[in-house]
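Scroll down for the structure; my scribbles are underneath it.
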Amino acid sequence: MAGSIKDQVRAFIVENFLFGDTSAQIDDDASLIENDVIDSTGVLELVAFIEERFGVTMADAEIVPANLDSLDRITAFVSTKTGKESLNA
Amino acid sequence: MCGFGGYFGAGVSEAEPLLRRMASAIAHRGPDERGTAVLDGAGLCHTRLSIVGLADGQQPMSLDGGRLTIAFNGEIFNYVELREALIARGRTFRTASDTEVILHLYDEKGPDCLADLNGDFAFAIWDAPRRRMFLARDRMGVRPLFYTSVGDRLFFASEVKTLLQVPGVEAEMDPFALDQMFTLWAPIAPRTAFKNIHELEPGHMMLVEEGRQAIRPYWSLSFPEHGAPSRHTDERAVAEELRALLTDATRLRMRADVPVGSYLSGGLDSSVISALAAGMTPEILRTFSVAFESAEHDESAFQNEVAAALGTMHASVNCGDGDIAAVFPDVIRFTERPILRTAPAPLFKLSALVRERGLKVVLTGEGADEVFAGYDIFKEARVRRFCARQPGSRMRPHLFRKLYPYLPGLKQQSAEYLAAFFGAGADSLDDPLFSHKPRMRATGAAKLFFSAQLRETLAGYDAAEELASRLPQEFPRWHPLHQAQYLESRFLLPGYILSSQGDRMAMAHGIEGRFPFLDHRLVEFATTLPPEMKLKGLVEKHILREATKGLLPESILRRTKQPYRAPDSASFRGAGEKDYVREAMSAEKLADCGLFNPASVSKLFAKSRQQPLSGFRDNAAFVGILSSQLWLETFTGSRIRAVEAA
Chain U
1085 MAGSIKDQVR AFIVENFLFG DTSAQIDDDA SLIENDVIDS TGVLELVAFI
1135 EERFGVTMAD AEIVPANLDS LDRITAFVST KTGKESLNA
Chain E
93 MCGFGGYFGA GVSEAEPLLR RMASAIAHRG PDERGTAVLD GAGLCHTRLS
143 IVGLADGQQP MSLDGGRLTI AFNGEIFNYV ELREALIARG RTFRTASDTE
193 VILHLYDEKG PDCLADLNGD FAFAIWDAPR RRMFLARDRM GVRPLFYTSV
243 GDRLFFASEV KTLLQVPGVE AEMDPFALDQ MFTLWAPIAP RTAFKNIHEL
293 EPGHMMLVEE GRQAIRPYWS LSFPEHGAPS RHTDERAVAE ELRALLTDAT
343 RLRMRADVPV GSYLSGGLDS SVISALAAGM TPEILRTFSV AFESAEHDES
393 AFQNEVAAAL GTMHASVNCG DGDIAAVFPD VIRFTERPIL RTAPAPLFKL
443 SALVRERGLK VVLTGEGADE VFAGYDIFKE ARVRRFCARQ PGSRMRPHLF
493 RKLYPYLPGL KQQSAEYLAA FFGAGADSLD DPLFSHKPRM RATGAAKLFF
543 SAQLRETLAG YDAAEELASR LPQEFPRWHP LHQAQYLESR FLLPGYILSS
593 QGDRMAMAHG IEGRFPFLDH RLVEFATTLP PEMKLKGLVE KHILREATKG
643 LLPESILRRT KQPYRAPDSA SFRGAGEKDY VREAMSAEKL ADCGLFNPAS
693 VSKLFAKSRQ QPLSGFRDNA AFVGILSSQL WLETFTGSRI RAVEAA
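Chains as they are written, first to last, in my numbering: chain U, 1085 to 1173; chain E, 93 to 738.
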């Protein structure tokens, strides 16, 4: 699978939530909610993507902003779940 | 109830044919009669929907052989009492119409006559001796009034399409209005979707004389200071007073020389109005509803329950696959502005049904949610404040789920996400727009699809900031609920509910809507009530429920509000995927019009073909983009690249 976890997640977000619009750079630590990138149904799409792409299962208790509300957080969460990458990958 | 237009200024060439063209453009508002009056320095035209004074209410109407001449759209509901008082003061009437009452009252009191009028109106009076044009619009903004200038002449009309008949008036999209619509759902009056065409604000008048144009308010919505003692301490007494006011407001709105029917959504407000009306008419009341094929939106069971309980003669129009898409281009022709929801479309079909069944007038329950705090946004703001008092609470955000049981995306969210989505703790409690921030954020996210050119034009512009700048000085001293009520009542109600969903959809088929909850006596009374009588905990419209006990089945009286919604982007899938939809959303057309980014919209469109769009932003964007494209096609023929014209 091509690219780091962060790159893959970023590509998914740009394609699905920003409809390919790359004019606004998403900083690695920027809140996806506060920057209007993602809404309540978008979170569920993101969870589905993470589970399918990285082969992990997310418990309800894990679906929280602390794990999913920025590229850094998602990367760290997926890395921990898969044990593959570090936060700075 | 009608349509009118006119001008002020000398030297209009071919005035009579121009006035006839202007009237023709709004023939739908007044299919019964048409009239024009070319005056010395002014002109008026009128299309009539005959409701009061059927035989002698033709317009434009003059007093004293042309000393005063009026063109009037709407109804003065207390015209009987005003007429009697005028006769007692020595006035003689030629007709039985409410139109003549306005003329006499203006003759007596000048612009101060507005204070006496209880009604939904927009009118123009040409005062020949003073060489003055006097324009006015009702307090809540039920009836529309647009104007523009060409050189030193002023043109005005009930709908913009009338103004577009005037040589020199061109349709151009106002990019700032588009930004407002993609933030607030409506332009902030006097701005309209059309560049250089304005709207007279609700509760305002315009005097044009001696080369000067003066616009000023004659009425404004206001609330008591937060914490000030209220005279309303006895809830039972308040409920009784409210019942009496609402009954009288309905009684006045039953006045017509033709039968009056009622819309019936199945919710509390229209059911209450239908119940009151049913008790006042010797005939069987006719009620009308929209039924959706989509179970998520349908309220037929409740509508039928109320109709059966009240013994009305009920009819409904079915809204199924493809129905919304079939009428959507016509809907935009009548809204005259882009919209972010399809909800007006079923009401367009409903007014057609009423017309088909031979009625011209319907009562509706519109306005109760603004006046008595019925909308979810009021509860949402209260919960957000509750959460902000204990940031990090895992329990408090669960209340958000209770507010929106019909939004599947929220059901599965954790407390942390719920708090984050609603900005709990993120928005300053002192922000004057606090109550509406989440909605503005969610809607404004759809601006993601704006083209680079449009973004450049709008650089540095903030619609919310402009809205905040329009608030009255005393606004910060009001209770938070009253602040939120003001925002809904003063902007969204006239800007969207009463216009795009109200007047324009009903008048498309020559139907007059009447709104007992917007009787100004009732509105003023409700502003003085303690907030807890309106929103009690998280129970909306508490005092209205108390006031209307016994009128309706308990199941309706106790029913939690179900917001009126229609399928949005899903309406344009399957049977709704019409050729015009594909064309309007095509990269070529989008590039030609210049408002939206063709590549992004193509992805949105492709996503909507794969599966129904589920998010608020994506649905708002889809409908907003499609309606903007249709607007350009309808009013400019897409000939003008919108952004270049800005």
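Ideal placement from N, C-alpha and C gives every residue a C-beta, glycine not left out.
These numbers were taken from a predicted model, which means no experiment stands behind them.
- Here the segment 582–592 of chain E makes no contact with the segment 132–146 of chain E; the two share fewer than three CB pairs at distances below 8 Å.
- A residue is called buried when at least 16 other Cβ atoms come within 10 angstroms of its Cβ; Met265/E meets this threshold and is buried.
- Around Ile1117/U, the beta-carbon contacts reaching into chain E at under 7 Å are Ala512, Phe513.
- Along the segment 1141–1152 of chain U, the positions whose C-beta sits under 8 Å from a C-beta of chain E are Asp1144, Ala1145, Ile1147, Val1148, Pro1149, Ala1150, read in chain order.
- Residue pairing by DSSP places Thr139/E opposite Gly95/E, Arg126/E in a beta bridge.
- Just measuring C-alpha positions, the residue of His490/E, Asp522/E, Pro500/E, Leu499/E sitting nearest Ala512/E is His490/E.
- Check the Cα spacing between Gly371/E and each of Val352/E, Glu385/E, Ala418/E, Glu200/E: the tightest is with Val352/E.
- Spanning the alpha carbons of Phe526/E and Phe514/E requires a straight line of approximately 11 Å.
- By the CB criterion at 8 Å, Ile603/E and Lys452/E fall inside the cutoff.
- Listed by position along chain U, the residues whose Cβ is nearer than 8 Å to that of Lys695/E are Glu1099, Phe1103, Gly1104.
- Rounded to the nearest angstrom, the Cβ distance from Leu590/E to Gly233/E is 6 Å, consistent with a contact under 8 Å.
- Rounded to whole angstroms, the separation of the alpha carbons of Leu1155/U and Gly122/E is 59 Å.
- Excluding five sequence positions before and after Val1121/U, the CB atoms of its chain that fall closer than 6 Å to its own CB belong to Phe1101, given in chain order.
- Between Leu718/E and Thr284/E, the alpha-carbon positions lie close to 18 Å from each other.
- Collapsing the DSSP output to three states places Arg245/E in a strand.
- The contact set of Asn689/E on chain U, defined by CB atoms closer than 7 Å, consists of Asp1105 in chain order.
- Contact check for Ile365/E against Pro608/E passes: the beta carbons are separated by less than 8 Å.
- Under the three-state reduction of DSSP, Trp311/E is assigned to coil, being neither helix nor strand.
- Contact between Leu356/E and Ser362/E holds, with the beta-carbon distance rounding to 5 Å and staying under 8 Å.
- Neighbourhood of Thr1125/U in chain E, by CB distance below 7 Å: Gly501, Ser706, Gly707, in chain order.
- Under the 10 Å beta carbon count, Pro659/E is surrounded by 16 or more other beta carbons and is classified as buried.
- Neighbours of Leu432/E in chain U, taken as residues at a C-beta separation under 8 Å, are lacking, since the least C-beta distance is about 15 Å.
- Rounded to whole angstroms, the separation of the alpha carbons of Leu610/E and Tyr656/E is 18 Å.
- In this structure Glu251/E does not touch Ile168/E by the C-beta definition: roughly 21 Å separates them, more than the 8 Å allowed.
- Residue contact with chain U for Arg447/E: absent (no Cβ-Cβ distance below 8 Å to any residue of chain U).
- Secondary structure at Arg159/E: coil, using DSSP grouped into helix, strand and coil.
- If you compare the alpha carbons of Tyr578/E, Leu197/E, Leu178/E, Lys699/E with that of Leu313/E, the shortest gap goes to Tyr578/E.
- Judged by their CB atoms, Leu627/E and Lys494/E are not nearer to each other than the 8 Å cut-off.
- Fewer than three beta-carbon pairs drawn from the segment 236–245 of chain E and the segment 191–200 of chain E are found closer than 8 Å, and the two stretches are therefore not classed as touching.
- Proximity of chain E to Asp1113/U at the Cβ level (cut-off 8 Å) is not reached, the minimal Cβ distance being about 15 Å.
- Counting the other CB atoms within 10 Å of its CB gives Asp271/E a total of 16 or more, which places it among the buried residues.
- Residue environment for Glu293/E: buried (at least 16 other C-beta atoms within 10 angstroms of its C-beta).
- Measuring C-alpha to C-alpha distances from Gln150/E to each of Arg112/E, Asp190/E, Ala207/E, Glu173/E identifies Asp190/E as the nearest.
- Non-local C-beta neighbours of Asp1112/U in its own chain, meaning closer than 6 Å and more than five positions away in sequence, comprise Leu1155, Asp1156, ordered along the chain.
- Within the model, the alpha-carbon separation for Tyr509/E versus Arg476/E is close to 13 Å.
- Look at Asp611/E here: in three-state DSSP terms it is coil, with no helix or strand label.
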